[in-house]
Amino acid sequence: MNIRYLGTGAAEGFPAVFCNCESCRKARLDLQKELRTRSQVLIDGKLLVDFPPDSYLHALRFGVDLSAAEALLVTHSHTDHFYAQEFVNRGYKFASGIRSRTLDIYGNAEVLAVFGEDTRREMRVQVRENIRLHECKPFQRFEAAGYEVFTLPAVHTPKEEALLYCIRRDKTLLYLNDTGFPQEELFRFLRENDIRADLVSMDGTFADDPTPHSNRHMDFSDNVRLRETLFSYGIADKNTRFIVTHFTHNSVPFRDRIGAVAAGYGFLAAYDGLEIEI
Ligand SMILES: [Zn+2]
Ligand SMILES: [Zn+2]
Ligand SMILES: [Zn+2]
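This is the structure we're talking about:
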């Protein structure tokens, strides 16, 4: 399983879209290295997790053919994870030679509502008919693009049932953002389904920032506790790799700095363009 991190920033990006803090100003001096666009991963070139406004930039920056994506798993409707407007360009006179004729989009009820609202003005019938929407709830299992997918509940917002995903085919990826520390039922469900993760990708939004933070995201100490909990349930073991991602500009997420701090915890800090083979 090939996993490409196309974006590893939080909602505002790094440097943040309207920000002139010291970190953001410094990051602008070396964007090739420090840029963290909004979070998205691509699995084996055909399964996307999330579709931020930067998806177009990801295609340009990393030479990705977004038309080859057969399925898209959306975690939740926040704009940094789902920019539905872009899908009006997936066909008609705006795209030809699309590699996967259909695109299956999986998301919660709010994600599907956002798709309807945001594409209402410009979506053409010829484009819309090749996009299939699937409403998901936590604790479901289905097949998407040839992968076995389990939906998991995030701890993120009371306004919708934000989802996390377990993606399995030969190898198993646990994709755990956006979320605070998960509730026990998530661990029980994974154990009941005999999930053993080869790679755990965690919400590390706050990194090593010691100031108190909301429980909608995690910091590295939460990530340590999460790793311990996954071990105790037998969902992860000594061969499991742990990645942290989705960094806010407030966590000073310069690639070398955050990489070194994360390594101290036994984590690999994701960066835009990181490619992992499991
Ligand atoms: Zn986010
Ligand atoms: Zn900033
Ligand atoms: Zn969010």
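Using numbering that gives the first Met the number 0, read the sequence shown as starting at 0 and increasing by one per residue. Glycine residues also receive a C-beta, built at the ideal position from the N, C-alpha and C atoms. Here the structure is a predicted model, which means the values were calculated and not measured.
Which residues in the same chain as residue i place their Cβ atom closer than 7 Å to its Cβ, once the five residues preceding and following it in sequence are excluded?
{"i": "D221", "result": "F180"}
{"i": "D248", "result": "Position check: residue 248 holds His in this sequence, whereas Asp was assumed. So the list reads E11, F13, P14, A15, C18, C20, S22 and C23, once near-sequence residues are dropped."}
Rounded to a whole number of angstroms, what is the C-alpha to C-alpha distance between residue i and residue j?
{"i": "D193", "j": "G203", "result": "25 Å"}
{"i": "P211", "j": "E85", "result": "36 Å"}
{"i": "Y91", "j": "L151", "result": "35 Å"}
{"i": "N214", "j": "E276", "result": "31 Å"}
{"i": "E147", "j": "V251", "result": "36 Å"}
{"i": "L5", "j": "F114", "result": "22 Å"}
{"i": "E183", "j": "R27", "result": "41 Å"}
{"i": "H75", "j": "A269", "result": "21 Å"}
{"i": "K25", "j": "Q31", "result": "12 Å"}
{"i": "Y174", "j": "R119", "result": "30 Å"}
{"i": "D166", "j": "F230", "result": "Per the sequence shown, residue 166 should be read as Ile rather than Asp. When rounded, the distance between both Cα atoms is 18 Å."}
{"i": "D236", "j": "R140", "result": "23 Å"}
{"i": "V223", "j": "Y264", "result": "7 Å"}
Cβ of residue i within 6 Å of any heavy atom in ligand 1?
{"i": "A324", "result": "Summary: the structure shown does not reach residue 324, with the chain confined to residues 0 through 277, and so no result is reported for it."}
{"i": "D79", "result": "yes"}
{"i": "D177", "result": "yes"}
Measuring only from the beta carbon, is residue i closer than 6 Å to any heavy atom that is part of ligand 2?
{"i": "H245", "result": "no"}
{"i": "S22", "result": "yes"}
{"i": "H248", "result": "yes"}
{"i": "C18", "result": "yes"}
{"i": "A15", "result": "yes"}
By Cβ distance, which residues of its chain are closer than 8 Å to residue i, with the 5 residues on each side in sequence left out?
{"i": "Y232", "result": "F186, R187, L189 and R190"}
May I ask whether a heavy atom of ligand 3 can be found less than 6 Å away from the beta carbon of residue i?
{"i": "D43", "result": "no"}
{"i": "H216", "result": "no"}
Beta-carbon within less than 6 Å of residue i's beta-carbon, same chain only, minus the 5 sequence neighbours each way: which residues are those?
{"i": "I42", "result": "I2"}
{"i": "D207", "result": "F219 and V260"}
{"i": "L111", "result": "L132 and E134"}
{"i": "A58", "result": "L65"}
{"i": "E121", "result": "V87"}
{"i": "A144", "result": "K45, L46, E69 and A70"}
So with Cβ pairs under 7 Å, would you call residue i a contact of chain B?
{"i": "M201", "result": "Considering every chain present, this structure includes no chain B. It has just one protein chain."}
Does the beta-carbon of residue i have 16 or more other beta-carbons within 10 angstroms, so that it is buried, or is it exposed?
{"i": "D103", "result": "buried"}
{"i": "V124", "result": "exposed"}
{"i": "T244", "result": "buried"}
{"i": "A83", "result": "buried"}
{"i": "D177", "result": "buried"}
{"i": "D79", "result": "buried"}
{"i": "A108", "result": "exposed"}
Tell me, please, whether the segment 52–64 touches the segment 149–157 by the rule of three or more beta-carbon pairs shorter than 8 Å. In short, these stretches do not touch, since the Cβ pair count stays below three.
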